[in-house]
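Participant:
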Amino acid sequence: MHLPIGLHNPSNFCYLNALLQAIAANKSLVSAFRRSAYLNPDRLLCRLVCMLEGLKCTRKYLERYQLIPVIQRAQVDLLEELSRRSLFTLSDQQDAHELFGYLSDAAFSQFRGSTEIQCSRGLISASELVQTSYFRGRRVVRASRKGFDSSGHLPNISDPGNSQHHVISSRIVCRECDFHSGPVLQPEACLTVFLEAAHVPEQKKQHLTLENSLRKMYNSSTSIDDFKCPTCKTRAQKCSQELRLSHLPPTLVIHVQRTRWNSMRLASQGMGYGSKRNEFLHFPRWLDMYNYTLAHENSLLQGDGDSIRQSQKNEQKLYMLRSVLVHEGIQINSGHYTTYRIWKSSRAGVNGVVPQLLSQRKTWIHASDSDIKECSLEDAQKAQAYMLFYERVQSRNSLARRQLLGAPSEISNNTFQLSVNESFLSSRMSDSEENPPVQLLDLAQVEYQEEMDEWNFGDERSRADLIRFMGSS
Numbered sequence: 001m002h003l004p005i006g007l008h009n010p011s012n013f014c015y016l017n018a019l020l021q022a023i024a025a026n027k028s029l030v031s032a033f034r035r036s037a038y039l040n041p042d043r044l045l046c047r048l049v050c051m052l053e054g055l056k057c058t059r060k061y062l063e064r065y066q067l068i069p070v071i072q073r074a075q076v077d078l079l080e081e082l083s084r085r086s087l088f089t090l091s092d093q094q095d096a097h098e099l100f101g102y103l104s105d106a107a108f109s110q111f112r113g114s115t116e117i118q119c120s121r122g123l124i125s126a127s128e129l130v131q132t133s134y135f136r137g138r139r140v141v142r143a144s145r146k147g148f149d150s151s152g153h154l155p156n157i158s159d160p161g162n163s164q165h166h167v168i169s170s171r172i173v174c175r176e177c178d179f180h181s182g183p184v185l186q187p188e189a190c191l192t193v194f195l196e197a198a199h200v201p202e203q204k205k206q207h208l209t210l211e212n213s214l215r216k217m218y219n220s221s222t223s224i225d226d227f228k229c230p231t232c233k234t235r236a237q238k239c240s241q242e243l244r245l246s247h248l249p250p251t252l253v254i255h256v257q258r259t260r261w262n263s264m265r266l267a268s269q270g271m272g273y274g275s276k277r278n279e280f281l282h283f284p285r286w287l288d289m290y291n292y293t294l295a296h297e298n299s300l301l302q303g304d305g306d307s308i309r310q311s312q313k314n315e316q317k318l319y320m321l322r323s324v325l326v327h328e329g330i331q332i333n334s335g336h337y338t339t340y341r342i343w344k345s346s347r348a349g350v351n352g353v354v355p356q357l358l359s360q361r362k363t364w365i366h367a368s369d370s371d372i373k374e375c376s377l378e379d380a381q382k383a384q385a386y387m388l389f390y391e392r393v394q395s396r397n398s399l400a401r402r403q404l405l406g407a408p409s410e411i412s413n414n415t416f417q418l419s420v421n422e423s424f425l426s427s428r429m430s431d432s433e434e435n436p437p438v439q440l441l442d443l444a445q446v447e448y449q450e451e452m453d454e455w456n457f458g459d460e461r462s463r464a465d466l467i468r469f470m471g472s473s
């Protein structure tokens, strides 16, 4: 009764059920979908919000206000709407990652007519990071791009809200003449990372980590064989492409690409065929994205040594794991989708401090269609992740985050004093935290308060009224 409801799967809809459970665990993402539904009362978005809000409630709450039939009807309407738009064949299993991309574009790109304009705030902030005309002593040649003014900046466009898209900055660098192109900015619904190449020895595959995959994708360079440098005209494999993250949304969504395309071609179709890669990818509970951003590279070039300023940048890129979407099966065109997601605590700790949240207590659930079971964080981290959902630690808790990231500060209260540096964090913030040190109890209190804020929704009937409204609009 204290768990959320599961979702019925009459056919091959596990991809939708798992995705809804994964999204529902992310407060900022649900709020963004809800806001989009208010501004544009589209039937698909309204039914989506109805289900997401319902999945944030316990079964006991839904039964009390007779909301389970409302959510079940919203699920049917949502499937009908997807079918009506001829995007998904309901009789076949679809890809959860592709569905998320469609829902994200439908919700967050509608106000401007295109994803790129909807991400204007992220694009403007990125252009400000590269406003200098010189890079490493050489003049930067800016690439022409629709929407930029003559200085290479976007015009001042009023953005209706924070962008929920990830904005990737791409540029070309020539090692022969030190040419650097201007940034090409591309908004994406989620970030895609790749596993090690298939030919890597098996012993190395056993140590695949999310951080390494992010580093290879967004903190390194990739050679471009067929690109001709516009300055020195060389083609001798001297040019490379650099990808950096110029804007990250409140909810970080990462897609683990597990499809491997084989070189054999089918005579009838003239195309290759894909197989699934089933290697295990280690992923952390806490993820610092700062080193993969354009802001990080810009600070290195400027020689910014102010530790407090650096910590303030870092803290805006600290994320906490909220849900893990899993594809079970050995083939890409079949299998079963399930989700591990964080769930609210059943009780508070002593004096508002909740060390249980950092322990192995069962504060997570595993959702497989209609089957809902309690599990632990460790269970979630043992899963074969296909999509990962992280939520940014909110700015009102910047003091605690600054301590975790090693910024100098003095904190005194009646309970304890925090003094944590980066080496302490790396040694203590492990995947299994059975006995958290006293310095981390403040983070537990932060996490607990965020959980309580998530589940407190005005008076008791407010969410029930919202679910009914979105289920009938």
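FYI, in UniProt numbering the residues of the sequence shown are 1 to 473. The beta carbon of each residue, even a glycine, is placed where N, CA and C say it ideally should be. Small disclaimer: the values here were computed from a predicted structure and weren't measured.
Excluding the five sequence neighbours on either side, which residues of its own chain have a C-beta within less than 7 angstroms of the C-beta of H58, listed in chain order?
Facilitator: By one-based count along the sequence shown, residue 58 stands at place 58. Reading off the sequence shown, one finds Thr at residue 58, where the question assumed His. Around T58: M1, H2, L3, P4.
Participant: Check whether the stretch 66-74 and the stretch 29-41 are in contact - that is, three or more C-beta pairs closer than 8 angstroms.
Facilitator: With a cut-off of 8 angstroms, the stretch 29-41 and the stretch 66-74 do not count as touching, because too few Cβ pairs lie within range.
Participant: Assuming C46 contacts M387 under a Cβ cut-off of 8 angstroms, what Cβ separation, rounded to an integer in Å, is found between them?
Facilitator: Sequence index remark: in the sequence shown, residue 46 carries index 46 (1-based). Sequence index remark: in the sequence shown, residue 387 carries index 387 (1-based). So it is not a contact: roughly 24 angstroms between Cβ atoms.
Participant: Examine the Cβ distances between the stretch 278-286 and the stretch 237-247 and report whether three or more of them are shorter than 8 angstroms.
Facilitator: No, the stretch 278-286 does not touch the stretch 237-247.
Participant: Given that a residue counts as buried once 16 or more other Cβ atoms are within 10 Å of its Cβ, and exposed if not, what is A348?
Facilitator: Position 348 of the sequence shown, counted from the start, is the residue given in the question as residue 348. Confidence at A348 is low in this model, with a pLDDT of 40, below 50, so its placement is unreliable and the value that follows should be read with caution. The residue is exposed, with fewer than 16 neighbouring Cβ atoms inside 10 Å.
Participant: Let me confirm a value: K228 is counted as buried when at least 16 other C-beta atoms fall within 10 Å, else exposed. Which label applies?
Facilitator: Within the sequence shown, residue 228 is the residue found at index 228, counting from 1. With fewer than 16 other Cβ atoms within 10 Å, it is exposed.
Participant: Taking just the CA atoms, how far does K56 sit from V30?
Facilitator: Start at 1 with the first residue of the sequence shown, and residue 30 comes out as number 30. Start at 1 with the first residue of the sequence shown, and residue 56 comes out as number 56. The alpha-carbon atoms of V30 and K56 are separated by roughly 10 angstroms.
Participant: Just verifying my parser: in three-state terms, what is the DSSP assignment at D288?
Facilitator: Translated into the one-based positions of the sequence shown, residue 288 becomes position 288. Looking at D288 - three-state DSSP - the assignment turns out to be strand.
Participant: Going by DSSP in three states, R215 sits in which element: helix, strand or coil?
Facilitator: Start at 1 with the first residue of the sequence shown, and residue 215 comes out as number 215. In the structure shown, R215 sits in a helix (DSSP, three-state: H, G or I).
Participant: If you follow the alpha helix (DSSP H) that S100 is in, where does it begin and where does it stop?
Facilitator: Locating residue 100 in the sequence shown gives position 100, counting from the first residue. According to the sequence shown, residue 100 is Phe rather than Ser. Segment 96-108, the alpha helix (DSSP H) holding F100.
Participant: Based on Cα-Cα distance, which residue from L287, N298, E80, F194 lies nearest to T259?
Facilitator: Taking the first residue of the sequence shown as position 1, residue 259 is located at position 259. Measuring from the Cα of T259, the nearest candidate turns out to be F194.
Participant: Can you grab the Cα-Cα spacing for the pair Q257 / I467, in whole Å?
Facilitator: Translated into positions along the sequence shown, residue 257 becomes position 257. Translated into positions along the sequence shown, residue 467 becomes position 467. Distance between the alpha carbons of Q257 and I467 is about 34 angstroms.
Participant: Helix, strand or coil for D42, going by three-state DSSP, please let me know.
Facilitator: Within the sequence shown, numbered from 1, the residue matching residue 42 stands at position 42. Looking at D42 - three-state DSSP - the assignment turns out to be coil, as it is neither helix nor strand.
Participant: Could you give the distance in angstroms between the alpha-carbon of L7 and the alpha-carbon of A367?
Facilitator: Position 7 of the sequence shown holds residue 7. Position 367 of the sequence shown holds residue 367. Computed Cα separation, rounded: 9 angstroms.
Participant: If Y218 and A96 are in contact, beta carbons under 8 angstroms, what's the gap, nearest whole angstrom?
Facilitator: Here residue 218 refers to the residue found at position 218 when the sequence shown is read from its first residue. Here residue 96 refers to the residue found at position 96 when the sequence shown is read from its first residue. Contact flag wrong, Cβ pair sits at about 23 angstroms.
Participant: Whose CA, out of F389, A464, D465, S473, lies closest to the CA of F100?
Facilitator: Translated into the one-based positions of the sequence shown, residue 100 becomes position 100. It is F389.
Participant: What is the DSSP secondary structure of Y337, reduced to helix, strand or coil?
Facilitator: Numbered from 1 along the sequence shown, position 337 holds the residue referred to as residue 337. Y337 falls in the strand class under three-state DSSP.
Participant: Tell me which residue opens and which closes the alpha helix (DSSP H) that A464 is part of.
Facilitator: Translated into positions along the sequence shown, residue 464 becomes position 464. Where A464 is concerned, the enclosing alpha helix (DSSP H) stretches over 462-472.
Participant: Once you ignore the five residues that flank G329 on each side, which residues in its own chain have a CB closer than 8 angstroms to its CB?
Facilitator: Here residue 329 corresponds to residue number 329 of the sequence shown, with the count starting at 1. Correct list, in chain order: K276, G335, H336.
Participant: Buried or exposed: where does V76 fall if 16 or more other Cβ atoms within 10 Å of its Cβ makes it buried?
Facilitator: Your numbering for residue 76 matches position 76 in the sequence shown. So V76 counts as exposed.
Participant: Nearest-angstrom Cα distance between H327 and H296?
Facilitator: Numbered from its first residue, the sequence shown carries residue 327 at position 327. Numbered from its first residue, the sequence shown carries residue 296 at position 296. Looking at the two C-alpha atoms, the distance is approximately 33 angstroms.
Participant: Assign K276 to one of three DSSP states: helix, strand, or coil.
Facilitator: Stepping through the sequence shown from its first residue, residue 276 is reached at position 276. In the structure shown, K276 sits in a strand (DSSP, three-state: E or B).
Participant: Can you have a look at S169 and say buried or exposed, based on whether 16 or more other CB atoms are within 10 angstroms of its CB?
Facilitator: Residue numbering aside, residue 169 sits at position 169 when the sequence shown is read from its first letter. Buried is the call here.
Participant: If I measure Cβ to Cβ from L300 and keep anything under 6 angstroms in the same chain, skipping five residues before and after, which residues do I get?
Facilitator: In the sequence shown, counting from the first residue as 1, residue 300 sits at position 300. Closer than 6 angstroms at Cβ, skipping near neighbours: no residue.
Participant: To which residues of the same chain is A385 closer than 7 angstroms at the C-beta, ignoring the five residues directly before and after it?
Facilitator: Taking the first residue of the sequence shown as position 1, residue 385 is located at position 385. Closer than 7 angstroms at the Cβ level, and outside the excluded window around A385, lie V256, L281, F283, V324, V326.
Participant: Under 8 angstroms between the Cβ atoms of L245 and Y292?
Facilitator: Working through the sequence shown from its first residue, we reach residue 245 at position 245. Working through the sequence shown from its first residue, we reach residue 292 at position 292. Cβ atoms of L245 and Y292: closer than 8 angstroms.
Participant: Using 8 angstroms for Cβ pairs, my map puts D369 next to N9. What's the rounded Cβ distance?
Facilitator: Residue numbering aside, residue 369 sits at position 369 when the sequence shown is read from its first letter. Residue numbering aside, residue 9 sits at position 9 when the sequence shown is read from its first letter. At roughly 4 angstroms, the Cβ-Cβ gap stays under 8 angstroms, so D369 and N9 are in contact.
Participant: Kindly indicate which residue of M51, T231, C232, R285 has the alpha-carbon position closest to the one of R34.
Facilitator: If you number the sequence shown from 1, residue 34 lands on position 34. Of the listed residues, the one whose Cα sits closest to R34 is M51.
Participant: Under three-state DSSP, which class holds D379?
Facilitator: Position 379 of the sequence shown, counted from the start, is the residue given in the question as residue 379. In the structure shown, D379 sits in a helix (DSSP, three-state: H, G or I).
Participant: Given a cut-off of 8 angstroms on the beta-carbon distance, is the pair P250 and E391 in contact?
Facilitator: One-based indexing of the sequence shown puts residue 250 at position 250. One-based indexing of the sequence shown puts residue 391 at position 391. Contact flag set, yes.
Participant: Going by other Cβ atoms of all chains shown within 10 Å of its Cβ, with 16 needed for buried, is E433 buried or exposed?
Facilitator: Looking up residue 433 in the sequence shown gives position 433. Residue placement at E433 cannot be trusted, given a pLDDT of 38 that sits under 50; the coordinates are not used to answer.
Participant: Where does F13 fall in DSSP's three states?
Facilitator: The residue labelled residue 13 in the question sits at position 13 within the sequence shown. Here F13 sits in coil by DSSP.
Participant: Pick from S221, I332, W364: whose alpha carbon is nearest that of D379?
Facilitator: Counted from its first residue, the sequence shown places residue 379 at position 379. Closest by alpha carbon: W364.
Participant: Which stretch, first to last residue, makes up the beta strand (DSSP E) that contains S323?
Facilitator: Numbered from 1 along the sequence shown, position 323 holds the residue referred to as residue 323. Residues 318-328.
Participant: Would you tell me roughly how many angstroms separate the C-alpha atoms of D178 and C232, rounded to the nearest one?
Facilitator: Here residue 178 is taken as the residue at index 178 of the sequence shown, counted from 1. Here residue 232 is taken as the residue at index 232 of the sequence shown, counted from 1. The straight-line gap from Cα to Cα measures roughly 9 angstroms.
Participant: Does DSSP put I5 in a helix, a strand or coil?
Facilitator: Stepping through the sequence shown from its first residue, residue 5 is reached at position 5. Correct three-state label for I5: coil.
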